[in-house]
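Engineer: Before anything else, here's the structure in question.
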Amino acid sequence: MATIGFIGIGNMGTGMARNLVKAGHEVTVFDLDTEKAQGIAGAQVAASGEDAARGRDVIVSMLPAGPVVASVYRETIFPHAAADTLLIDCSTIDVETARILADDAHGAGFEMLDAPVSGGVAGADAGTLAFMVGGSDGGFARAEPILDVMGAKVVHCGAAGAGQGTKICNNMMLAIQMISVAEGFALAEKLGLSPQKLFDVSSAASGQCWSLTTYCPMPGVGPQTSADNDYRPGFAAGLMHKDLGLAMAAAQASGADVEFGRAAFDAYDRMVDGGEAGVDFSGIIRAKRGLS
Ligand code: NAD
Numbered sequence: 083m084a085t086i087g088f089i090g091i092g093n094m095g096t097g098m099a100r101n102l103v104k105a106g107h108e109v110t111v112f113d114l115d116t117e118k119a120q121g122i123a124g125a126q127v128a129a130s131g132e133d134a135a136r137g138r139d140v141i142v143s144m145l146p147a148g149p150v151v152a153s154v155y156r157e158t159i160f161p162h163a164a165a166d167t168l169l170i171d172c173s174t175i176d177v178e179t180a181r182i183l184a185d186d187a188h189g190a191g192f193e194m195l196d197a198p199v200s201g202g203v204a205g206a207d208a209g210t211l212a213f214m215v216g217g218s219d220g221g222f223a224r225a226e227p228i229l230d231v232m233g234a235k236v237v238h239c240g241a242a243g244a245g246q247g248t249k250i251c252n253n254m255m256l257a258i259q260m261i262s263v264a265e266g267f268a269l270a271e272k273l274g275l276s277p278q279k280l281f282d283v284s285s286a287a288s289g290q291c292w293s294l295t296t297y298c299p300m301p302g303v304g305p306q307t308s309a310d311n312d313y314r315p316g317f318a319a320g321l322m323h324k325d326l327g328l329a330m331a332a333a334q335a336s337g338a339d340v341e342f343g344r345a346a347f348d349a350y351d352r353m354v355d356g357g358e359a360g361v362d363f364s365g366i367i368r369a370k371r372g373l374s
């Protein structure tokens with residue numbers, strides 16, 4: 083069993099750290115919010131990031147965004163982690179920062195992987211996340227047994243940054259699908275159709291997708307989702323907006339045609355501008371239904 087420092091015990095990190103404890107690893111957690119860190123039964127709570135980083139076999143981070151990840155690694159982890167500690171960042175950040183950090187880690191004598199996830203809070207809690215991993219073959223081989231504890235699917239996507247690249251493509255697809263489902267239900271409502279009948283048909287027909295059958299934005303139909311809990315996140319619209327911003331920057335840099343991705347970015351931009359960054363991303367349906 084490994085000694086693991088886990089930094090960032092938020093919506094996602096909580097379930098991920100709990101699963102590492104459950105698997106028998108010796109986990110030490112740190113979050114700026116001490117109350118969140120104290121919520122992991124069986125884990126040690128570190129007094130500081132340095133404390134969580136020192137003397138571990140592996141460090142896992144699950145932080146909000148690129149600048150936070152860069153500062154935590156540069157100021158806390160690189161200077162204090164033991165030689166040969168394996169570094170795994172599971173946050174969603176831009177490809178460029180992931181590549182630069184992996185290079186910096188290498189220069190400081192560490193192996194670092196970008197390993198963002200898909201599957202949401204439910205996947206984090208259940209240990210069924212999908213991990214998209216960028217980094218060396220050797221680093222991946224060391225990380226796989228740890229990631230297997232937290233995920234149902236672990237894919238080595240390529241060199242440093244490839245995990246993040248895969249993640250932003252996936253989330254751009256997710257955003258477009260969520261809006262398509264929201265618009266489908268909004269149109270059905272205008273036509274006086276039953277949302278339950280639409281769900282029954284589309285979930286078994288060609289409109290089927292994860293945003294419909296697993297994360298339905300329409301309250302009262304399909305599985306229990308954030309929609310049935312007043313759109314509490316879940317996956318906040320602000321984070322989806324961040325991911326779409328990363329996708330738009332990558333599309334611009336690479337010259338990709340992302341017409342519907344751009345439209346999805348604009349829709350989440352309006353949601354965030356309207357003060358709804360903390361609302362679940364499926365709450366985009368409220369604007370489509372004329373409710374916000
Ligand atoms: P969150 O805001 O709930 O959690 C982030 C945690 O990091 C917070 O508890 C915060 O206090 C802590 N933190 C911030 N700065 C810190 C620092 N310097 N040192 C220590 N702790 C610090 O966010 P989340 O929903 O858990 O998402 C985390 C990451 O996972 C994001 O990059 C997000 O894009 C990605 N993600 C989220 C979901 C989801 O459904 N929520 C799904 C896939 C990927």
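Just so we're aligned: 147 in my numbering is position 65 of the sequence shown, and the numbers increase by one with no gaps anywhere. Every residue, glycine too, gets a C-beta built ideally from N, C-alpha and C.
(1) With C-beta atoms as the reference, is His323 less than 9 Å away from Val354?
(2) Would you kindly work out how many angstroms separate the C-alpha atoms of Leu145 and Ile89, rounded to a whole number?
(3) Out of Gln334, Arg368 and Thr174, which has the shortest C-alpha to C-alpha gap to Gly202?
(4) Around the Cβ of Val283, are there at least 16 other Cβ atoms within 10 angstroms (buried) or fewer (exposed)?
(5) Put Ala242 into one of helix, strand or coil per three-state DSSP.
(6) Can you tell me whether Gln246 is buried or exposed, with buried defined as 16 or more other CB within 10 angstroms of its CB?
(7) Are there any heavy atoms of the ligand NAD lying less than 8 Å away from the beta-carbon of Gly365, as far as the coordinates show?
(8) State yes or no: is the C-beta of Ala333 nearer than 8 Å to some heavy atom of the ligand NAD?
(9) Using a Cβ cut-off of 9 Å (strictly closer), state whether Asp355 contacts chain C.
(10) Please say whether Ala264 and Lys370 have beta carbons closer to each other than 9 Å?
(11) Classify Asn101: buried if its beta carbon has 16 or more other beta carbons within 10 angstroms, exposed otherwise.
(12) Given a threshold of 16 other Cβ atoms within 10 Å of its Cβ, counted over all protein chains shown, does Glu358 qualify as buried or as exposed?
(13) Among Phe347, Ala129, Asn311 and Arg314, which one has its Cα closest to the Cα of Asn253?
(14) Excluding the 5 residues flanking Met94 on each side, which residues of the same chain have their C-beta closer than 6 Å to its C-beta?
(15) Counting C-beta neighbours from all protein chains within 10 Å, is the total for Ser293 16 or more, i.e. buried, or is it exposed?
(16) Could you check if Met94 belongs to the surroundings of the ligand NAD, using beta carbon to heavy atom distance under 8 Å?
(17) Is Ser293 near the ligand NAD, going by C-beta to nearest heavy atom under 8 Å?
(18) I'd like the list of long-range same chain contacts for His107, defined as Cβ closer than 6 Å, with 5 residues on each side in sequence excluded.
(19) Given Gly121, which residues of its chain have a CB within under 8 Å of its CB, disregarding the five upstream and five downstream residues?
(20) Can you tell me whether Ser364 is buried or exposed, with buried defined as 16 or more other CB within 10 angstroms of its CB?
(21) Got a sec, what are the start and stop residues for the beta strand (DSSP E) Asp176 sits in?
(22) Who are the Cβ neighbours of Thr158 in its own chain at under 7 Å, not counting the five residues just before and after it?
(23) Just the Cα atoms here: how many angstroms apart are Arg368 and Gly304?
(24) Counting along the chain, where does the alpha helix (DSSP H) carrying Ser336 start and finish?
(25) Just reading off the beta strand (DSSP E) that Asp196 is part of, what are its end residues?
Structural biologist: Let me spell this out:
(1) yes
(2) 7 Å
(3) Thr174
(4) exposed
(5) coil
(6) buried
(7) no
(8) no
(9) Among the chains of the structure shown, chain C does not appear; only one protein chain is present.
(10) yes
(11) buried
(12) buried
(13) Phe347
(14) Met144 and Ala206
(15) buried
(16) yes
(17) no
(18) Met83, Ala84 and Ile86
(19) Ile91 and Thr96
(20) buried
(21) Run containing Asp176: none; DSSP gives neither H nor E here.
(22) Gly131, Glu132 and Ala135
(23) 17 Å
(24) Ala319 to Ser336
(25) Glu193 to Asp196
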